[in-house]
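Written out below as structure tokens is the structure these notes cover.
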Amino acid sequence: MVSTCDSDFANLNKGNVEEEPHVLAVDDNLVDRKLVEKLLKNSSCKVTTAENGLRALEYLGLLDGKKSSMNNNALKVNMIITDYCMPEMNGYELLKKIKESSLMKDVPVVIMSSENVPTRINKCLEEGAQMFMLKPLKCSDVKKLRCHLMQCRG
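UniProt numbering puts the first residue of the sequence shown at 1, with every later residue one more than the last.
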């Protein structure tokens, strides 16, 4: 079955020089992080990775105590996909920080976890997560992300 979501990302950033959507992938597990990165790159995405929520906030220019006006990195991120269970700052805490930011609040955030805990899933969705996905991610999951990204951007 072919869906309209299988088309290229090329039309997402009409008028922008950069054609590939930029996804920030956050996961403390190197294997999972590399898998997400590979799946997204195979789907014509530019991918930046971070090993935890604090590193992601630093990349986005949202880390408390760091002076930064509008961070160029943040302006270029079209979606954030993050693991739920991470040391230092979990995915839910990262989601809350992103949604509190006037600069980043409209960027879709997808939470992923290897644990299927309904209360956790509902909490993340209520806080503003676009989706909650179970790990390990598969090609079909990336297609869902692509569909969502196209709806948000197009």
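In this text, a Cβ means the ideal position worked out from N, Cα and C, and glycines have one as well.
Mind pulling the beta strand (DSSP E) runs of 3 or more residues that sit fully within the UniProt domain "Response regulatory" (22–150)?
22–26, 46–50, 79–83, 109–113, 131–134
Could you tell me how far apart the beta carbons of G91 and I111 are, in whole angstroms, since I believe they sit closer than 8 angstroms?
Between I111 and G91 the Cβ distance is about 5 angstroms, and since that is below 8 angstroms, they are a contact.
Using the Cα positions of L94 and K38, report the straight-line distance between them to the nearest angstrom.
23 angstroms
Alpha carbon to alpha carbon, how far is M150 from N78?
10 angstroms
Apply the 10 Å Cβ neighbour rule to R146 and answer buried if 16 or more other Cβ atoms are within range, or exposed otherwise.
That one is buried.
Own chain partners of L89 with C-beta closer than 7 angstroms, once the 5 adjacent residues on each side are dropped
The sequence shown places Met at residue 89, not Leu. So the qualifying residues of the chain are N52, G53, L54.
Roughly how many angstroms separate the alpha carbons of G61 and T119, rounded to a whole number?
30 angstroms
Do you know how far the Cα of S140 is from the Cα of S43?
11 angstroms
With 16 other Cβ atoms within 10 Å as the buried cut-off, status of P87
Per the 10 Å Cβ criterion, exposed.
How about D28 and D83: do their beta carbons lie closer than 9 angstroms?
yes
So the candidates are K138, P136, K144, V117; which of them puts its Cα closest to the Cα of Q130?
K144
When the Cα of V117 is compared with those of M133, S102, V26, which residue comes out closest?
M133
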